[in-house]
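Residue numbers for the sequence shown follow the numbering used here, so the first one is 227 and each next one is one higher. The structure appears right after this line, and notes come after that.
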Amino acid sequence: MLKLGIIEVGESDYMSPIILVEVAGKEPRPCIDYRKLNGIISTEYFTLPNIEERVEKVSAAKFITVIDLSKGYWQIPLS
């Protein structure tokens, strides 16, 4: 598969084993074991903003804009 260009050698420091799982009547699906990767990733914590400060800041704004990006990924062209 390497010679055919189906797979390639990975250079990343973060790799996880992957296998294809076959279920009767369905297409095979890839399953990745992220346990080792999860063990070395540090969790980042963020404090919630103070609502009173945010309301005060917005009340002084000249313009207020809202943008909904829930389906924004549909706009990215894929090859």
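Yeah, the Cβ is synthetic: ideal placement off N, Cα and C, and Gly gets one too. Here the structure is a predicted model, which means the values were calculated and not measured.
Rounded to the nearest angstrom, how far is the Cβ of residue i from that of residue j, given a contact under 8 Å?
i	j	result
Ile-258	Ile-244	5 Å
Ser-242	Leu-263	5 Å
Ile-290	Val-284	6 Å
Apart from the five residues on each side of it in sequence, which residues of its chain come closer than 7 Å, Cβ to Cβ, to residue i?
i	result
Val-247	Pro-254, Arg-255 and Cys-257
Since residue i is in the alpha helix (DSSP H), which residue starts that stretch and which ends it?
i	result
Val-284	277-285
Ile-266	261-266
I'd like the span of the beta strand (DSSP E) that includes residue i, first residue to last.
i	result
Leu-246	244-247
Pro-256	255-258
Who are the near neighbours of residue i in its chain, counting only those whose CB is closer than 6 Å to its CB and skipping five residues on each side?
i	result
Tyr-260	Ser-242
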